[in-house]
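Asks: This is the structure I want to talk about, given as structure tokens.
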Amino acid sequence: MPVFQVDWQAVFVPTVALLELFVRGSAMYLGILVFMRVLPRQRGALSTADLLVLIIVADVAQNGMSAQYTSLTEGFVLVGTIFFWDYLLDKLAFHSPVFRKVLNDPPISLVKDGQLQRRNMRKEMLTKEDVIEQLREQGVDDIRQVRQCCLESDGNFSVIRMDGKEVTHRKDPAGVI
1 MPVFQVDWQA
11 VFVPTVALLE
21 LFVRGSAMYL
31 GILVFMRVLP
41 RQRGALSTAD
51 LLVLIIVADV
61 AQNGMSAQYT
71 SLTEGFVLVG
81 TIFFWDYLLD
91 KLAFHSPVFR
101 KVLNDPPISL
111 VKDGQLQRRN
121 MRKEMLTKED
131 VIEQLREQGV
141 DDIRQVRQCC
151 LESDGNFSVI
161 RMDGKEVTHR
171 KDPAGVI
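In the numbering used here, the protein residues as written are 1 to 177.
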């Protein structure tokens with residue numbers, strides 16, 4: 001087996017119909033998106049769709065690079081399919097309130113007028129300690145100071161104090177950075 005011999009046809013010529021790859025990629029993206037929408041969201045900086053894109057693209061790209069597909073073209077078609085759906089759904093959510101509502105979780109109230117909303121916390125699998133920790137990270141040391149605290153669709157917390165000031169997330173509680 002020569003070290004520098006390359007079968008260019010195997011590298012670039014697909015062995016599966018490109019339309020089939022598009023259909024398979026579309027079905028996987030949309031199927032996983034639906035599945036992930038029914039799961040409770042967790043705290044984090046990525047939205048469900050962002051996480052989905054990262055996972056699928058990483059897997060698809062890895063398969064294309066490791067020759068589990070027989071051509072790079074097949075890998076590129078699948079990666080393109082994932083980006084196509086991500087772009088299309090983002091565009092639909094931007095232009096259509098109906099799609100925005102379907103694709104993006106509404107904010108969930110966790111604290112209202114200084115009181116924990118325990119029912120919503122249970123739905124999101126958050127403890128009192130989780131909420132208090134997030135409030136402390138945002139510079140709020142007493143829950144009675146909070147008019148509204150919501151878990152946003154991206155997994156972050158938004159806080160409005162009783163005095164009406166919105167608290168911005170602070171990475172460094174000491175304010176050094």
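Glycine residues also receive a C-beta, built at the ideal position from the N, C-alpha and C atoms. Computed from a prediction, not measured in an experiment: that's the story for all the values here.
Give the range of the alpha helix (DSSP H) segment to which Q119 is assigned.
Replies: Here residue 119 is Arg; the residue named in the question, Gln, does not match the sequence. Element bounds for R119: R118 to K123.
Asks: Give every residue of the same chain whose Cβ lies closer than 7 angstroms to the Cβ of K112, excluding the five residues on either side of it in the sequence, and list them in chain order.
Replies: Only Q148 meet the Cβ criterion.
Asks: List the endpoints of the continuous alpha helix (DSSP H) containing S26.
Replies: It spans L18 to V38 - the alpha helix (DSSP H) in which S26 sits, taken as one unbroken run.
Asks: Can you tell me where the alpha helix (DSSP H) holding F99 begins and where it ends?
Replies: Looking at the DSSP string, the run of the alpha helix (DSSP H) that includes F99 is P97 to L103.
Asks: Closer than 7 angstroms by C-beta to I117: which residues in its own chain qualify, once you throw out the five before and the five after it? Chain order, please.
Replies: For the record, residue 117 in the displayed sequence is Gln; it is not Ile. Around Q117: S109, L110 and V111.
Asks: Whose C-alpha, out of S96, E129 and P106, is nearest the C-alpha of T48?
Replies: Comparing Cα-Cα distances from T48 to each of S96, E129 and P106, the minimum goes to P106.
Asks: Could you round the C-beta distance between M36 and L52 to whole angstroms and report it? I think they count as a contact, below 8 angstroms.
Replies: Confirmed, Cβ separation roughly 6 angstroms.
Asks: I'd like to know whether the C-beta atoms of G164 and R144 end up nearer to each other than 8 angstroms.
Replies: No, the pair does not count as a contact, with Cβ atoms beyond the cut-off.
Asks: Compute the Euclidean distance between the alpha carbons of L21 and L135, then round it to the nearest angstrom.
Replies: Rounded to the nearest angstrom, the two C-alpha atoms are 46 angstroms apart.
Asks: Could you tell me the alpha carbon to alpha carbon distance between P97 and V23, rounded to whole angstroms?
Replies: For P97 and V23, the distance between alpha carbons rounds to 27 angstroms.
Asks: Output the distance between the C-alpha atoms of I32 and V79, rounded to the nearest integer angstrom.
Replies: Rounded to the nearest angstrom, the two C-alpha atoms are 15 angstroms apart.
Asks: Are the Cβ atoms of Y87 and I56 separated by less than 8 angstroms?
Replies: Result no, Cβ atoms of Y87 and I56 do not sit closer than 8 angstroms.
Asks: Cβ atoms of N120 and S153: under 8 angstroms apart, would you say?
Replies: Cβ atoms of S153 and N120: not closer than 8 angstroms.
Asks: Within 10 Å of its beta-carbon, does W85 have 16 or more other beta-carbons around it, so buried, or fewer, so exposed?
Replies: Buried.
Asks: Give the secondary structure of V11 by DSSP, where H, G and I count as helix, E and B as strand, and everything else as coil.
Replies: Helix at V11.
Asks: Taking the straight line between their C-alpha atoms, what separation do you get for S158 and E137?
Replies: Near 11 angstroms, if we compare the C-alpha coordinates of E137 and S158.
Asks: Since I believe T81 is in contact with G155 (beta carbons under 8 angstroms), could you give me their beta-carbon distance rounded to a whole number of angstroms?
Replies: That pair is no contact at about 26 angstroms.
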